[in-house]
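Just so we're aligned: 590 in full-length UniProt numbering is position 590 of the sequence shown, and the numbers increase by one with no gaps anywhere. Even glycine gets a Cβ: it sits at the ideal position worked out from N, Cα and C. Keep in mind that this is a model prediction, so the values were computed, not measured. To start, the structure under review is shown below, and the notes come after it.
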Amino acid sequence: MNRGDCFCALAWTLQCCPRTLCRPVSLSDPPSTPKKDKAGSLRPPQAMSTESSPLLSYRLFRVSSEGEMPGGGQEEAPLVVGVAGSATGSSHHDPARQLSTFFGVIVPTVLSMFSIVVFMRVGFVIGHAGFLQSLLMLVVAYVIISLTVLSVCAISTNGAVQAGGAYFMISRTLGPEFGGSIGLMFYLANVCACGVYVLGLVEAILDDFGADGSDPPGAKALPQGYLYSFLYGSVVLLVCLLVCLVGSHIYSRAAFFIFLVVNAVLITIFASFFAVSPREIAVSRDGNHSFNASFTGFNVSTLRDNMYAMYSRDYTTNNIMSFATVFAVMFNGCTGIMAGSNMSGELKNASSSIPKGTIIAVVYTFVIYFLLFFMTSFTCERALLKGDYGFFRAINVWPPFVLIGIYSASLSASMSNLIGASRILHALAKDDLFGIVLAPAKIVSKGGNPWVAVLYTWALVQLVLFVGKLNTIASIVTVFYLVAYAAVDLACLALEWASAPNFRPTFQVFSWHTCLLGIVSCLVMMFLISAAGASGSLGLMLLLLGFIHLRSAASSWGYISQALIFHQVRKYLLLLDIRKDHVKFWRPQILLMVANPRGSSQLMKFINHLKKGGLFVLGHVEIGDLDTMPSDPIQAHYNFWLSLVDKLSIKAFVDLTLSPSVRQGTQHLLRITGLGGMKPNTLVLGFYDDCVPEDYFLQDPAFSQARENDEFGVDLPALQAHFPPVREAESQRALRPSEYVAIISDAVKMHKNVCLARYFHLLEKDLPPSSSSTSSKRRFEGRYIDVWPLNLLRPNSPTYVDICSLFLLQMACILTMVSSWKAARLRIFLCVESGDVGWVGKEEKLRELLTKLRIKATIKIVTWDQVVALHGHPQHAAGPRGTPRGRTFPPGPRNRRERPT
1 MNRGDCFCAL
11 AWTLQCCPRT
21 LCRPVSLSDP
31 PSTPKKDKAG
41 SLRPPQAMST
51 ESSPLLSYRL
61 FRVSSEGEMP
71 GGGQEEAPLV
81 VGVAGSATGS
91 SHHDPARQLS
101 TFFGVIVPTV
111 LSMFSIVVFM
121 RVGFVIGHAG
131 FLQSLLMLVV
141 AYVIISLTVL
151 SVCAISTNGA
161 VQAGGAYFMI
171 SRTLGPEFGG
181 SIGLMFYLAN
191 VCACGVYVLG
201 LVEAILDDFG
211 ADGSDPPGAK
221 ALPQGYLYSF
231 LYGSVVLLVC
241 LLVCLVGSHI
251 YSRAAFFIFL
261 VVNAVLITIF
271 ASFFAVSPRE
281 IAVSRDGNHS
291 FNASFTGFNV
301 STLRDNMYAM
311 YSRDYTTNNI
321 MSFATVFAVM
331 FNGCTGIMAG
341 SNMSGELKNA
351 SSSIPKGTII
361 AVVYTFVIYF
371 LLFFMTSFTC
381 ERALLKGDYG
391 FFRAINVWPP
401 FVLIGIYSAS
411 LSASMSNLIG
421 ASRILHALAK
431 DDLFGIVLAP
441 AKIVSKGGNP
451 WVAVLYTWAL
461 VQLVLFVGKL
471 NTIASIVTVF
481 YLVAYAAVDL
491 ACLALEWASA
501 PNFRPTFQVF
511 SWHTCLLGIV
521 SCLVMMFLIS
531 AAGASGSLGL
541 MLLLLGFIHL
551 RSAASSWGYI
561 SQALIFHQVR
571 KYLLLLDIRK
581 DHVKFWRPQI
591 LLMVANPRGS
601 SQLMKFINHL
611 KKGGLFVLGH
621 VEIGDLDTMP
631 SDPIQAHYNF
641 WLSLVDKLSI
651 KAFVDLTLSP
661 SVRQGTQHLL
671 RITGLGGMKP
681 NTLVLGFYDD
691 CVPEDYFLQD
701 PAFSQAREND
711 EFGVDLPALQ
721 AHFPPVREAE
731 SQRALRPSEY
741 VAIISDAVKM
751 HKNVCLARYF
761 HLLEKDLPPS
771 SSSTSSKRRF
781 EGRYIDVWPL
791 NLLRPNSPTY
801 VDICSLFLLQ
811 MACILTMVSS
821 WKAARLRIFL
831 CVESGDVGWV
841 GKEEKLRELL
851 TKLRIKATIK
861 IVTWDQVVAL
871 HGHPQHAAGP
881 RGTPRGRTFP
891 PGPRNRRERP
901 T
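Structure follows, in structure tokens:
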């Protein structure tokens, strides 16, 4: 075919199936679920709109009977999936998706990143760390979150993003184990952060209205104490709960109003740095200690004094501060970057809104924090910064402005984390990764609000409030957030390294270098902040990962590990050069031809022992002609064969083919099975005799008593029904003797080793049954592995040290290396003729060979005069029923002449 023919053929294909060629694949595509037919066997789904579907459908035309199939009259699934999970251009509108980029991403992200830190912890950071280290902390924190933001933008612009935000991105990339474990930790981080912001709000209220005994009666009426703080926090949390129970629509309106208030307060703070004259500010602590500190206005000496770090005791926790503890508190002001992503289920266009809104919020908050750090260092004495974390109120043109800002920002951040955490929990519950514990969290209201998940989250935040101090749990929250950020970077890194064709994000400002740097920086900062907390969080992640792996079945989300394995295996296969093969490193690479696994299961398990880390392929030939069929019947059979491999616990590949004859199919498999340097060098066939095969499926409890389906939807009745019953004694064989011999001849011509297996259905019948108390190794004690080093193509050959004999010795030696066969003893039979006086020398030569080959075996001498006599009858012609006719050579030297057979 010339180039013009190829182009015409391709153009015809495009014309026949234009809908399936350019379908964008997204993370939210629904899984392809196999369905059962009337017989109970699995059949592939009719719709070709899932991630596992090929870009080009192999069915280039419709058959007339297709319209009669169940569901044939239904509308096909959309092939182009939009952000909301519906077809592009569809009139369907999800009522839960109402938020725009500004209201759904920018507003909650900015408020979460400001929170209590922007009003209550700027003085804490500058006072202890100084301007230079504070600026370093700010840059490091924003570099870390910016690297994560790049990964979030890349993943979110690679297709539709459903509810769950960061959890959805991680789980649909790294699989349910990583996604579930890190998603739960990210949920706990949001829960703890909500508690942090509530406690910050309580702290701010008590600073202004808490009675400490030094003020006149009635000036500060709120009693203070641990239980009172918990009570005030519970009241604030109840307000957040009521707003979140109404729904995201009310929350977005309240958040927008708070957004305006917070920005107005920030404007007054910046204006106050210029408008307020220098003054002395009285600072009182616990009613017993008071002192004066100065607001100097813009003063170079003040900046010089605040330039370097001076860590001391924190008056709220009475602990000595350090770089790590101060950074942990400050980093809480940067951990709100996922607030918009958590609302992905309510966004009109999540794939567009998340990257735009998050980047805008990050840039805006960085500028605000930098200006606050700079102006604070330039105008406020260190004593003021360390003694009164709420000093913004004392220097403001109208102090109540700052109170309003503190209360509004804290309340908004609390609501943002509460509603964001509930969405993550709802996504976890829908994926059913933690069973009945989270099952009620699936419940939603008519408007799509997961109110049960909100109640779950509210109850956990109530437990967090028992801690009582903001700075105490700040490091735990920071570590959990860093774990989640590292996981997002890991997900993006894995997608980039896998080089998957379907990873085509519209956001291109990232690379694997940024992802790797983000992971490393997150891990380093975790251990700098709290080594114990980092170790505990990683241990918790591993425990959750193991729990989900043991509990959950295989998902249809797609595993990035498979893409990475494919990518690496392809590289190594290219390095596996067959021209560099050497006999020192030879290993068997076996193609076992299986007609019916019901009668060949014992042989399949034996060959699994014999492969010694080599290639093991189960080959099967279906008789048929593809030209007469509407589709390839082989593709639907692979799931059953792979389930069979799982049931037998063998490590084998499966290769099926469709051919007019078994011989042609075997030729196809011998030529094309394997890839590169991993191709079969040994063909194993069952023996062609009159033995009636036995049904192994009726003997093995794995096939007769199993109750659960496998992970890929193939149940036991379907597996039993797929493979036909074994051949009866009077049934006609599907393979003629001449074709069987021709297959052996073809394999020899292709320079393949040929093994003929016989009586393997009797292999384990005389062995003691395996049990937990009896190891598989002890089952073969007292058993023998017998080797007859003969060349069947040259039985009269005077030497046994040839390729055929060495191959037999090698295979027997490999079998003794298997743990279950180590107890068996190896025997080698040396065949000699009676009267052969040189048998002693042959035995010594064989023993010397075994010593060089490092094979421990017992040598047995056997006379085989009858075999030699039989070989002396040349078959010049055949009589009736194949009876050989001809003359017989008498025993003697003539009998030892080399004859072809």
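Inter-residue Cα distance where the pair is His761 and Arg598: Along the sequence shown, read from residue 1 onward, the residue named residue 761 stands at position 761. Along the sequence shown, read from residue 1 onward, the residue named residue 598 stands at position 598. Looking at the two C-alpha atoms, the distance is approximately 11 angstroms.
Give me the Cα-Cα distance between Gly435 and Glu177, rounded to the nearest whole angstrom. Residue mapping note: residue 435 aligns to position 435 of the sequence shown, counting from 1. Residue mapping note: residue 177 aligns to position 177 of the sequence shown, counting from 1. Distance between the alpha carbons of Gly435 and Glu177 is about 14 angstroms.
For Leu545, which residues of its own chain have a beta-carbon under 7 angstroms away from its beta-carbon, when the five flanking residues on both sides are left out? The count along the sequence shown starts at 1 and reaches residue 545 at position 545. Here the set comprises Glu177, Phe178, Ser181.
Which of the three DSSP states, helix, strand or coil, is assigned to Gly127? Numbered from 1 along the sequence shown, position 127 holds the residue referred to as residue 127. If DSSP states are grouped into helix, strand and coil, Gly127 belongs with the helices.
Give a yes or no on whether the C-beta atoms belonging to Leu846 and Leu826 are separated by under 8 angstroms. For the purposes of this step, residue 846 is taken as residue 846 along the sequence shown, with counting starting at 1. For the purposes of this step, residue 826 is taken as residue 826 along the sequence shown, with counting starting at 1. Cβ distance not < 8 angstroms, so Leu846 and Leu826 don't count as in contact.
Residue of Asn190, His128, Glu764 minimising C-alpha distance to Ser422: For the purposes of this step, residue 422 is identified with residue 422 of the sequence shown, where counting begins at 1. Closest option to Ser422, Cα to Cα, is Asn190.
Closest by C-alpha distance to Pro724, when choosing among Glu622, Ile744, Tyr759: Numbered from 1 along the sequence shown, position 724 holds the residue referred to as residue 724. Here the closest residue by C-alpha is Glu622.
If you draw a straight line from the C-alpha of Ser530 to the C-alpha of Leu538, how long is it? The count along the sequence shown starts at 1 and reaches residue 530 at position 530. The count along the sequence shown starts at 1 and reaches residue 538 at position 538. Near 12 angstroms, if we compare the C-alpha coordinates of Leu538 and Ser530.
For Val363 versus Ile337, is the C-beta distance shorter than 8 angstroms? On the sequence shown, residue 363 is found 363 positions in, with the first residue counted as 1. On the sequence shown, residue 337 is found 337 positions in, with the first residue counted as 1. Val363 places its beta carbon 8 angstroms or farther from that of Ile337.
Between Lys611 and Pro588, how many whole angstroms is the CB-CB distance? I'm expecting something under 8 angstroms. The sequence position of residue 611 within the sequence shown is 611, counting from 1. The sequence position of residue 588 within the sequence shown is 588, counting from 1. About 6 angstroms; that satisfies the 8 angstroms criterion.
Does DSSP put Ile519 in a helix, in a strand, or in coil? For the purposes of this step, residue 519 is taken as residue 519 along the sequence shown, with counting starting at 1. Looking at Ile519 - three-state DSSP - the assignment turns out to be helix.
Within 10 Å of its beta-carbon, does Lys647 have 16 or more other beta-carbons around it, so buried, or fewer, so exposed? For the purposes of this step, residue 647 is taken as the residue at position 647 of the sequence shown. Its Cβ being crowded by 16 or more others within 10 Å, Lys647 is buried.
Please report the straight-line C-alpha distance between Ile785 and His582, rounded to a whole angstrom. Here the question's residue 785 lines up with position 785 in the sequence shown. Here the question's residue 582 lines up with position 582 in the sequence shown. So the two alpha carbons sit approximately 27 angstroms from each other.
Does the count of Cβ pairs from the region 129 to 146 and the region 397 to 404 closer than 8 angstroms reach three? no
Could you tell me which residues DSSP puts in a beta bridge with Tyr784? Here the question's residue 784 lines up with position 784 in the sequence shown. In the DSSP output, where bridge partners are listed per residue, Tyr784 has Arg825.
Would you check if the distance between the CB atom of Cys192 and the CB atom of Met415 is smaller than 8 angstroms? Within the sequence shown, residue 192 is the residue found at index 192, counting from 1. Within the sequence shown, residue 415 is the residue found at index 415, counting from 1. The answer is no: Cβ separation not under 8 angstroms.
Looking at the strands, I want to know which residues DSSP matches up with Met678. Mapped onto the sequence shown, residue 678 falls at position 678. In DSSP, Met678 forms a bridge with Leu675.
Using a Cβ-Cβ cutoff of less than 6 angstroms, which residues in the same chain neighbour Phe507 once the five nearest sequence positions on both sides are dropped? If you number the sequence shown from 1, residue 507 lands on position 507. Taken in chain order, the residues that qualify are Cys153, Ala154, Thr157, Pro355.
Could you name the residues that DSSP lists as bridge partners for Phe291? Mapped onto the sequence shown, residue 291 falls at position 291. Answer is Val283, bridged to Phe291.
Would you kindly work out how many angstroms separate the C-alpha atoms of Ile258 and His549, rounded to a whole number? The sequence position of residue 258 within the sequence shown is 258, counting from 1. The sequence position of residue 549 within the sequence shown is 549, counting from 1. About 43 angstroms.
Count the C-beta pairs between the region 342 to 353 and the region 366 to 374 that are closer than 8 angstroms, then say yes if the count reaches three, no if not. no
Roughly how many angstroms lie between the CA atoms of Ser115 and Ser412, to the nearest whole one? Here the question's residue 115 lines up with position 115 in the sequence shown. Here the question's residue 412 lines up with position 412 in the sequence shown. Near 7 angstroms, if we compare the C-alpha coordinates of Ser412 and Ser115.
Validate contact between the region 743 to 759 and the region 681 to 689 using beta carbons, cut 8 angstroms, 3 pairs: yes
From what residue to what residue does the alpha helix (DSSP H) around Ala500 run? Taking the first residue of the sequence shown as position 1, residue 500 is located at position 500. Run containing Ala500: none; DSSP gives neither H nor E here.
I need the DSSP call for Cys691, collapsed to helix, strand or coil. Counting from one through the sequence shown, the residue named residue 691 turns up at place 691. Cys691 falls in the coil class under three-state DSSP.
Applying the 10 Å Cβ sphere with the 16-neighbour rule, what's the burial state of Arg382? On the sequence shown, position 382 is the one that residue 382 refers to. With 16 or more other Cβ atoms within 10 Å, it is buried.
Can you tell me where the alpha helix (DSSP H) holding Lys842 begins and where it ends? Position 842 of the sequence shown holds residue 842. Its alpha helix (DSSP H) spans residues 839 to 852.
Taking C-beta to C-beta, are Glu833 and Thr863 nearer than 8 angstroms? Indexing the sequence shown from 1 puts residue 833 at position 833. Indexing the sequence shown from 1 puts residue 863 at position 863. Going by C-beta atoms, Glu833 is nearer than 8 angstroms to Thr863.
Bridge partners of His620, per DSSP? For the purposes of this step, residue 620 is taken as the residue at position 620 of the sequence shown. His620 pairs with Leu656.
Residue environment, Gly175, which counts as buried when at least 16 other CB atoms sit within 10 Å: The sequence position of residue 175 within the sequence shown is 175, counting from 1. It counts as buried.
How far does the beta strand (DSSP E) with Asn753 in it extend, from its first residue to its last? Taking the first residue of the sequence shown as position 1, residue 753 is located at position 753. Looking at the DSSP string, the run of the beta strand (DSSP E) that includes Asn753 is 753 to 757.
DSSP-derived helix/strand/coil call for Gly539: In the sequence shown, counting from the first residue as 1, residue 539 sits at position 539. Helix.
Please report the straight-line C-alpha distance between Arg663 and Asn639, rounded to a whole angstrom. Mapped onto the sequence shown, residue 663 falls at position 663. Mapped onto the sequence shown, residue 639 falls at position 639. Cα-Cα distance, rounded: 25 angstroms.
Look up Thr317 in the DSSP assignment and say whether it is helix, strand or coil. Here residue 317 corresponds to residue number 317 of the sequence shown, with the count starting at 1. Coil at Thr317, not helix or strand.
Going by other Cβ atoms of all chains shown within 10 Å of its Cβ, with 16 needed for buried, is Leu314 buried or exposed? In the sequence shown, counting from the first residue as 1, residue 314 sits at position 314. Reading off the sequence shown, one finds Asp at residue 314, where the question assumed Leu. Counting the other Cβ atoms within 10 Å of the Cβ of Asp314 gives 16 or more, which makes it buried.
Indicate whether the contact test is met: 3 or more Cβ pairs, each with one atom in the region 560 to 571 and one in the region 651 to 659, closer than 8 angstroms. no
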